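Protein chains in written order, with the working numbering: chain A, 838 to 1009; chain B, 8 to 459.
Cβ coordinates follow ideal geometry from the N, Cα and C atoms, glycine included.
In this text the structure is predicted, and so the values were computed from the model without any measurement.
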Amino acid sequence: MARRVISAAIFGYFALFAVLILLLGFRWHTHRKAPDQPIAFSHEIHVGKLNLQCLFCHEDADKAMTAGVPSMKKCMDCHVAVKTETAGVQQLTEYWNNKEPVPWNRVHRIRIREHVHFSHKRHVSAGVACEQCHGQLAAMPRVRQVSSLKMGWCVSCHTENNAPTDCLICHR
Amino acid sequence: MDFLSQHIIPPTATHLQLLEFLAVVTYTIHLPYIALVIGSAAVAMWLTFSDHEMPNPLFARLAGDLIGIGLGSGLPMLVLGVLPMMVLPFIYGQWFVGAPHFPLKYIVLPIPGVILGLALLGLYRRSFRGRAARFHLHMALGTGGLLVLMGSYFALMSAIIRLQDPEKWFRLKNVVILLLNWNVIWKFLLFVHLGFALTGAAILFFVLRWRGRESVTDAEYAAFARRFGAGLGLAFCFAVPVFNLFYVFTSPDVVFDSTVYLLGAAVTVLTMIIAYAFVAALRSGQPRFGATTFSLFILVFVLSSTFDVRSMANANREHARLIETKAESERLEREAEIEAAMAASAGRNLGEETFNGVCMQCHRMNDRLVGPPLATVLTKYANNVDGLQNFVLNPVKINPEYPPMPNPGLSSARAKAVAEYLLGQMAAPADGAQPEAQTPTPTEVQSGQKSH
């Protein structure tokens, strides 16, 4: 009897931890995965193979708070003639002809708080490389959120680079 | 590293997989040895100290056997401890060739400390027989060696585990940030506890089974060693799933796929089987289950190492893709050189084919399309084939009225051919061979789009 109890206790103890690890797998399914997009736009092709600079499409990144999603006109400047036979460009052209925006899904799913200010312009003009926060986009067929964008992440980078760490720099 | 990249292991996707396999093999050889050294040295020191305080010949004998098992002679220390560790910087140096902020120095710096720790423990082994006369020196060598080894190995493990978190590499200028990380701390505690449990299995296997066939005829010592080994192994087995769970929980999300989670769970399940074997060894009056527990522990280290290496590969998959792309473009460059030579020998004009297939998607000679009319921009490249070739290979934005020209992805040979063709057309417009008048065939367009 005692042997069975000991065997069952050992099994229960280890099985509990094994199941807990497997349960953690559900967290992975919901966290920071690259979202599906209505058009299979590939940064790997545009940045990695065609060597387009980030600021060519995200032209507000060095001028405004937000980097912004490129305008459809920016896409159509080239795709009015380039790769018009591909499904993605045909989808894009259809949106363009219907005068509808492409319903892109948000990649950086963070809670925007009114009292937190982040300026792309400040960081780009200070020489922070885009890939430092956004990862190796030249190798991303589908973009995912690379950095946590949590306060500790911001503060540690500011500390490492002797950038200001005063609370009012970001919180107003 | 450049020599390795170019001549021995060119970093392609296949070779990255080979390096991952090599890393698992290296860890499978190295980690159980280091874990056994730490576990057996610590337990031997405790037994020696206890024997010194209250003489017990069983303690002294087991301490001697443990030192023989864990610290052995110089050869296993070199082959299992030092040499595999020297391979690690080459494996990771190759895997992360060209990666920005790659913290290779943190993998190299702790290695001398690990070697010093092993050397001090070697001296501790040698001083075991004369410990009665120089007990404090003997214990100081053991304590110093153990602390140096564990400290250096913690630093080495920190550097290797941090490879799974490339997002934070730019922060690793500060060593304190490198070391103070819960993920690393749980991993090290998991490793040390596996080491103590492995020491219990080693007592059952090496003392009672391996050597036991010849020398352990003393029933009292055999029973003591069996109970001590199985009890030690079982106690530390219970800590393994706790630290394993914390390690998995604190690993960055970017490392995970379903295989990694299964590997993490498999480590816990395998440890459970080992715990059952230890319980059976405690209940059995015979020195059994030594080979079973020891072999299963080696398998635990294989699974744990595979978990770490696959996590590293998952976290850096974009870097692997960049390497793959670079290797692919180098292959295409070589093929294009062959193609250019074949075209020249067959009398084909590679420049004309490239212009019709690639350039004409955006350019005409006299009209504006996506890019400017070529007739207006080619004049500045008159008699400058190299200049035009360089621009085609590395285009930059010049005229604000037009979008920047994307890299057409041409090989050097094709870019040179198209530059020569275009400048030839500019030099001889009177011949009537206007490029814009030539409509590419569908086959040519398709082949051009592929190379584009």
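- Close partners of B:T332 in chain A (Cβ separation under 9 Å): E881, G885, K886, A975 and A976.
- A:V953 has A:H1008 as its beta-bridge partners, per DSSP.
- Per DSSP, B:H200 is one residue of the alpha helix (DSSP H) stretching across W189 to A209.
- In this structure, DSSP gives B:F296 a state outside helix and strand, which the three-state scheme calls coil.
- A distance of 7 Å or more separates the beta carbons of B:L310 and B:V276.
- Taking CB atoms only, B:V276 has a neighbour in chain A less than 7 Å away.
- In this structure, A:D914 and B:P380 do not form a Cβ contact; the two beta carbons are roughly 17 Å apart against a cut-off of 8 Å.
- With respect to chain A, the C-beta atom of B:Y254 has no partner C-beta closer than 7 Å.
- The beta carbon of B:R136 sits closer than 6 Å to no other beta carbon from its chain once the five residues preceding and following it are set aside.
- Following the DSSP letters along the chain, one finds B:A166 inside the alpha helix (DSSP H) bounded by residues F142 to I168.
- Scanning its chain for C-beta atoms nearer than 8 Å, with the 5 sequence neighbours on each side dropped, one finds around A:P907 the residues C894, H895 and E896, in chain order.
- B:D393: member of the alpha helix (DSSP H) spanning V392 to L400, first to last residue.
- At a cut-off of 7 Å between C-beta atoms, A:E951 does not count as an interface residue with respect to chain B.
- A Cβ-Cβ separation of about 13 Å leaves B:S57 out of contact with B:L73 under the 8 Å criterion.
- Its Cα nearest to that of B:Q171, the residue B:P259 stands out among B:P259, B:F28 and B:L429.
- When secondary structure is reduced to three states using DSSP, B:M52 falls in the helix class.
- The alpha-carbon separation between A:A901 and B:V121 amounts to approximately 51 Å.
- In this structure, B:S312 sits near B:V31, with a CB-CB distance shorter than 7 Å.
- In the DSSP assignment, B:P96 falls within the unbroken alpha helix (DSSP H) covering L90 to W102.
- Listed along chain A are V983 and S984, each with a C-beta nearer than 7 Å to that of B:E174.
- When A:M909, A:P940, A:E922 and A:T923 are compared, the shortest CA-CA separation from A:N934 is found for A:M909.
- Residue B:N356 holds the alpha-carbon nearest to the alpha-carbon of B:L429 among B:N356, B:I405 and B:V403.
- Using a C-beta cut-off of 8 Å, the segment 180-187 of chain B makes no contact with the segment 223-239 of chain B, since fewer than three inter-stretch Cβ pairs fall below that distance.
- A:A855 reaches chain B at A272, T275 and V276, counting residues in chain order whose Cβ is nearer than 7 Å.
- Taking C-alpha positions only, A:P978 is separated from B:L417 by approximately 21 Å.
- A Cβ-Cβ distance of about 5 Å is found for the pair A:I858 and B:A272, placing them in contact under the 8 Å criterion.
- Here B:A208 really is in contact with B:F301; their C-beta atoms are around 4 Å apart, less than 8 Å.
- Out of B:N373, B:C369 and B:E331, the CA that lies nearest to the CA of A:T921 is found in B:C369.
- The continuous alpha helix (DSSP H) containing B:M349 extends over residues R324 to A353.
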